[in-house]
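> Each residue of the sequence shown is one higher than the one before, counting from 243 in this note's numbering.
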Amino acid sequence: MHLVRVSLLIIWAVLFLCCAATTTGIHAAQRSNADIEKAFELDGLQVSQWVSFEGQRGARAESKTATVLSTGQPKYVLYVEGSGYQMGYLVGLLAPEETFTMCSQYLEHIIPELIVPDWDHKLANDTTYRAIIDLLRDFMVTESNKSFERLYPQGIFPEELVQEMRGLVDGVQKSSSPSAQVNFKNLVTLNYGMDFLMANILNGKLGDLMASFMDEWEAPRHSEASDPRVQSEMRSFLRSQEESRKAFQVPSFCDAWGARNKATQSGQDAFMARDFQLPTAGVFQNVQSMIIYNPGDGRHPSVSSGAPSFVGSITIMNSFGVSCAEDTLRSADANAQVPGLNSMLMSRHIGDHATSTEEAIEIMANATRGVPWIYPLCDGNGDCVIVESGVSMNSYKEFDPRRFLSVLEFNLQKLLPSNEFILAHNSSSHFDRGLFLRTMDYQYPEEYLQFNEALFENAGIPYNGSNWGPLGSVFSSWQEENTLEKKLMNNYFPPQRETLDDVVIASNVAIVPEARIAQMSVFADLMQKGGEAMQWRYDLINQLIHDSYGQIDLEKAIWLCSYLSPDRVPGYWSKEFIPGKPMTAMIEGSMSVVDLKNRKIATKGGYWCDDWVTIQLMNYI
243 MHLVRVSLLI IWAVLFLCCA ATTTGIHAAQ RSNADIEKAF ELDGLQVSQW
293 VSFEGQRGAR AESKTATVLS TGQPKYVLYV EGSGYQMGYL VGLLAPEETF
343 TMCSQYLEHI IPELIVPDWD HKLANDTTYR AIIDLLRDFM VTESNKSFER
393 LYPQGIFPEE LVQEMRGLVD GVQKSSSPSA QVNFKNLVTL NYGMDFLMAN
443 ILNGKLGDLM ASFMDEWEAP RHSEASDPRV QSEMRSFLRS QEESRKAFQV
493 PSFCDAWGAR NKATQSGQDA FMARDFQLPT AGVFQNVQSM IIYNPGDGRH
543 PSVSSGAPSF VGSITIMNSF GVSCAEDTLR SADANAQVPG LNSMLMSRHI
593 GDHATSTEEA IEIMANATRG VPWIYPLCDG NGDCVIVESG VSMNSYKEFD
643 PRRFLSVLEF NLQKLLPSNE FILAHNSSSH FDRGLFLRTM DYQYPEEYLQ
693 FNEALFENAG IPYNGSNWGP LGSVFSSWQE ENTLEKKLMN NYFPPQRETL
743 DDVVIASNVA IVPEARIAQM SVFADLMQKG GEAMQWRYDL INQLIHDSYG
793 QIDLEKAIWL CSYLSPDRVP GYWSKEFIPG KPMTAMIEGS MSVVDLKNRK
843 IATKGGYWCD DWVTIQLMNY I
C-alpha cells in the first residue's frame with residue numbers, strides 16, 4: 243500500500259508539473275544555448291549576440307555566406323521566446339537599428355511608393371506634390387491610429403500581437419543603441435496602416451478623407467504645404483474624383499502556389515512558394531530577415547519572414563507545417579469603417595494558433611475582416627487552399643456581387659451575368675463567412691467564360707478562344723498585358739488554369755466568379771496602371787508547374803519561385819543596383835519556399851543576386 247501511495251503521489255506530481263508547464267507556457271524540454279547555436283550552424287548561420295529579459299532568451303545569428311549586395315553585411319535571423327511582450331522586447335534588444343530604420347526611413351517613403359508610385363518624377367519640380375507627401379505621412383500615422391484605437395476595444399486585434407508591439411518599443415529604448423527611438427503609433431501604422439489605406443482606396447474615399455484631414459492638419463514649418471496657395475491646390479487635387487483615384491494605387495505583384503504528392507519528385511512531399519513584391523522604400527532590402535518565435539504562452543512556434551517592426555508576417559510557417567501568406571486583391575468588397583484584421587497580422591495570427599488548414603480557415607472566417615486579400619494557405623499534410631477573402635458576413639445570401647457594379651457604365655452591366663445566372667451557378671459550397679475557398683478539388687463554373695468574348699469586344703481587344711484552356715495564356719507576354727489591361731482592366735472572367743488535384747495557384751486575380759465581379763468596380767479598374775501583368779503571371783506559373791509536375795523538390799520549388807528573376811524575364815525589373823547587371827535588381831519584398839512536411843523554410847530578400855537563407859524550425863524548439 244505504501245508503494246502504491248508513493249507511486250500515485252509521483253504520478254500526481256508529474257501530472258501537476260505537466261499541467262503547470264502547459265498553463266504557464268513553459269517548455270518542458272527547452273533547447274539549451276548550445277542547442278540553438280548548433281541549429282543555427284546547421285542552417286549556415288553563426289550566433290553573434292545573446293540577450294535575455296525576464297528569464298527569456300533571444301539570439302541574433304548571421305549568415306556565413308549570404309550577404310546583402312548594397313551593404314555587404316551578412317543576412318541575419320533572430321530567435322526569441324516568451325510571451326508576446328517578452329518576444330517583442332527581445333527583438334528590440336537584438337535589432338534596434340533595423341527597427342528604427344523601418345519606423346523612420348521606411349515609413350517615410352513607403353506611403354508615397356504604395357499609393358502614388360508615378361509621382362517621383364513630379365516631386366522635383368512641383369511644390370503641390372512635395373506638400374502632399376508631407377500630408378500623406380501625417381495622415382497615415384494619425385488616421386490609421388485613430389481607426390486602430392476605435393477598433394481595439396472590440397477585441398478585433400490579437401492581444402498578444404499588440405503586446406508584442408509594446409514590448410518592441412520598450413526593448414529598443416533599453417537597447418545599447420541610444421540613437422534608435424521608436425513609438426507605438428509608428429508600429430501600428432506599419433502593421434495595420436496598409437489595411438486602413440487599402441480599405442479607403444478601394445471604397446474611393448481616400449481623397450475626400452485626406453482633404454478633410456487637411457482642415458485640422460498642422461503642416462510642417464518648412465513644408466511647401468504651409469503655403470495657403472499650395473494648400474488650396476492640394477484640396478482641389480484630392481477632391482478631384484478623376485485625379486486622386488488615378489493617383490492612389492494598390493501594388494499587385496504577388497503570387498503563390500502549393501503542390502503536393504504526385505506533383506513532387508518523391509510523390510509524398512508538399513511545398514508552398516510565394517513572392518511578395520512590395521516596394522522597398524529604399525530600405526526593406528537591407529533589413530529584411532526571418533524571426534523564429536518560440537512562445538511560452540501556448541501559441542505554436544513559428545518562423546516568420548519580414549523585418550523587425552513587423553509583428554505580422556509576410557510568410558509564416560509554424561511547427562505543424564501550417565503556412566500562410568497574403569497577396570493584394572483590388573476589389574470593392576471592403577469596409578472602410580471597420581478594416582479589421584487582415585494581411586500580415588492575419589497570417590501571423592494563423593501561424594500562432596492553427597494546427598491544420600481547416601483550423602486556419604475557421605480562424606480566418608471568425609475574424610473581423612474588412613479588406614479584400616488573397617491568402618495562400620497550406621499545412622503539414624500538404625492540404626492547400628487559395629482563400630479569396632472579402633468583408634466578414636454570416637452567409638452566402640448576404641453576398642451580392644452585382645452591388646459593386648452600380649457605378650459602372652450601363653452598357654458594361656448588360657454584358658455581365660444577371661442575378662439569376664449567378665444564383666444558378668453559385669459558389670456557395672466554397673463560401674465561408676466572406677471567404678471564397680479555392681481548394682485543390684475546386685471546379686470552376688466554365689459557363690462564366692461565355693461572357694468574355696463580348697467583354698473583350700467592348701474593350702476593343704481581339705478575343706482568341708483558344709487562349710482559355712488549361713495551359714493557355716490570355717496575354718502572350720507581360721508587355722502585352724501591361725498595354726491591353728488599360729483598356730480591358732478587370733472586366734473579364736479569368737479561367738481556372740490548375741486542373742490537377744495536387745496543385746493550387748494564385749496571383750492577384752480573383753478566380754471565383756463572384757469574387758471576380760467585385761474586382762470589376764470602378765475603383766479597382768482605375769487602379770490598373772500597367773507593370774504588374776497579374777493574369778500573365780498566373781498563366782505562366784501554371785505552365786511552369788505543369789512542365790515540372792512530378793519533379794518538384796526543394797531545389798525545383800526555389801527555381802519555380804524565382805521565375806521572375808531578371809535573367810529569365812528581362813526588363814520586368816529595371817532598377818539595377820549595378821547598371822548593366824540585371825541580377826543586381828532589387829527584390830521588392832521577399833520570396834519564400836516552404837517544405838511543408840519537413841518544416842523547412844527558405845527565404846530570399848535584398849537583391850536577385852543575393853543568396854537564400856534556410857531555417858529548419860524543429861531544430862530550434
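The C-beta atom is built at its ideal place from N, Cα and C for all residues, glycine as well. Bear in mind the structure is a predicted one, so any value in this text is a computation, not a measurement.
Need the endpoints of the beta strand (DSSP E) that residue 532 sits in, please.
Position 290 of the sequence shown, counting from 1, holds the residue named residue 532. Residues 531-537.
> Just confirm the distance between the C-beta atoms of residue 315 and residue 307, as a whole number of angstroms; I'd bet it's less than 8 Å.
Translated into positions along the sequence shown, residue 315 becomes position 73. Translated into positions along the sequence shown, residue 307 becomes position 65. Actually they do not touch by this definition, with Cβ atoms about 13 Å apart.
> Taking 8 Å as the threshold (C-beta atoms), are residue 729 and residue 703 in contact?
Taking the first residue of the sequence shown as 1, we reach residue 703 at position 461. Taking the first residue of the sequence shown as 1, we reach residue 729 at position 487. Result yes, Cβ atoms of residue 703 and residue 729 sit closer than 8 Å.
> Which two residues bound the contiguous alpha helix (DSSP H) that contains residue 518?
One-based indexing of the sequence shown puts residue 518 at position 276. Run containing residue 518: none in the alpha helix (DSSP H); it sits in the beta strand (DSSP E), 512-518.
> Mind checking which residues open and close the beta strand (DSSP E) that includes residue 302?
In the sequence shown, counting from the first residue as 1, residue 302 sits at position 60. Where residue 302 is concerned, the enclosing beta strand (DSSP E) stretches over 298-309.
> Let me know if residue 428 comes out buried or exposed under the rule of 16 or more other beta-carbons within 10 Å of its beta-carbon.
Looking up residue 428 in the sequence shown gives position 186. Answer is buried; the Cβ neighbour count reaches 16.
> Measure the CB-CB distance between residue 513 and residue 799 and report whether it falls below 8 Å.
As a working note, residue 513 is residue 271 in the sequence shown. As a working note, residue 799 is residue 557 in the sequence shown. Closer than 8 Å, so yes.
> Beta-carbon within less than 8 Å of residue 612's beta-carbon, same chain only, minus the 5 sequence neighbours each way: which residues are those?
One-based indexing of the sequence shown puts residue 612 at position 370. Once the five neighbours on either side are set aside, the close Cβ partners of residue 612 are 437, 441, 576, 577, 578, 579, 580, 581, 582, 584, 633 and 634.
> For the beta strand (DSSP E) holding residue 295, just list the boundary residues, first then last.
Counted from its first residue, the sequence shown places residue 295 at position 53. From DSSP, the beta strand (DSSP E) with residue 295 extends over 287-295.
> Indicate the three-state DSSP secondary structure (helix, strand or coil) for residue 801 in the structure shown.
Translated into positions along the sequence shown, residue 801 becomes position 559. Residue state, collapsed to three classes: helix.
> Is the beta carbon of residue 498 sitting closer than 8 Å to the one on residue 618?
One-based indexing of the sequence shown puts residue 498 at position 256. One-based indexing of the sequence shown puts residue 618 at position 376. The answer is yes: Cβ separation under 8 Å.
> What separation, rounded to the nearest whole angstrom, lies between the Cα atoms of residue 470 and residue 738?
Numbered from 1 along the sequence shown, position 228 holds the residue referred to as residue 470. Numbered from 1 along the sequence shown, position 496 holds the residue referred to as residue 738. For residue 470 and residue 738, the distance between alpha carbons rounds to 53 Å.
> Out of 282, 589 and 623, which has the shortest C-alpha to C-alpha gap to residue 609?
Stepping through the sequence shown from its first residue, residue 609 is reached at position 367. Checking every option, the nearest Cα to that of residue 609 belongs to 589.
> Evaluate contact between the stretch 746-762 and the stretch 710-719, counting only Cβ atoms and requiring at least three cross-stretch pairs below 8 Å.
no
> How far does the alpha helix (DSSP H) with residue 411 in it reach, from first residue to last?
As a working mapping, residue 411 is identified with position 169 in the sequence shown. First-last of the alpha helix (DSSP H) with residue 411: 401-415.
> Given residue 560, which residues of its chain have a CB within under 6 Å of its CB, disregarding the five upstream and five downstream residues?
On the sequence shown, residue 560 is found 318 positions in, with the first residue counted as 1. Taken in chain order, the residues that qualify are 542, 544 and 593.
> Rounding to the nearest angstrom, what Cα-Cα distance links residue 859 and residue 841 in this structure?
In the sequence shown, counting from the first residue as 1, residue 859 sits at position 617. In the sequence shown, counting from the first residue as 1, residue 841 sits at position 599. Going by the C-alpha atoms only, they are around 6 Å apart.
> Going by alpha carbons, who is nearest to residue 324 out of 342, 297, 373 and 341?
By 1-based counting over the sequence shown, the position of residue 324 is 82. For the residues 342, 297, 373 and 341, the minimum Cα distance to residue 324 belongs to 297.
> From the DSSP secondary-structure annotation, give me the bridge partner or partners of residue 620.
For this step, residue 620 is matched to residue 378 along the sequence shown. Residue 620 pairs with 565 and 626.
> Please state whether DSSP places residue 705 in a helix, a strand or coil.
Reading the sequence shown from its first residue, position 463 is the one you call residue 705. It is coil, neither helix nor strand.
> In the DSSP output, which residue or residues are listed as bridge partners for residue 845?
As a working note, residue 845 is residue 603 in the sequence shown. According to DSSP, residue 845 bridges with 834 and 855.
> Quick one: what's residue 828 bridged to in DSSP?
The residue given as residue 828 occupies position 586 in the sequence shown. Residue 828 is bridged to 849.
> Excluding sequence positions up to five away, which residues of its chain have a Cβ less than 7 Å from the Cβ of residue 426?
Here the question's residue 426 lines up with position 184 in the sequence shown. Excluding positions up to five away in sequence, the list reads 407, 408 and 411.
> Applying the criterion that 16 or more other CB atoms from any shown protein chain within 10 Å of the CB defines a buried residue, is residue 706 buried or exposed?
For this step, residue 706 is matched to residue 464 along the sequence shown. Exposed: under 16 other Cβ atoms inside 10 Å.
> I'd like to confirm the pairing. Which residues does DSSP put opposite residue 323 in its beta bridges?
Taking the sequence shown and counting its residues from 1, one reaches residue 323 at position 81. Answer is 536.
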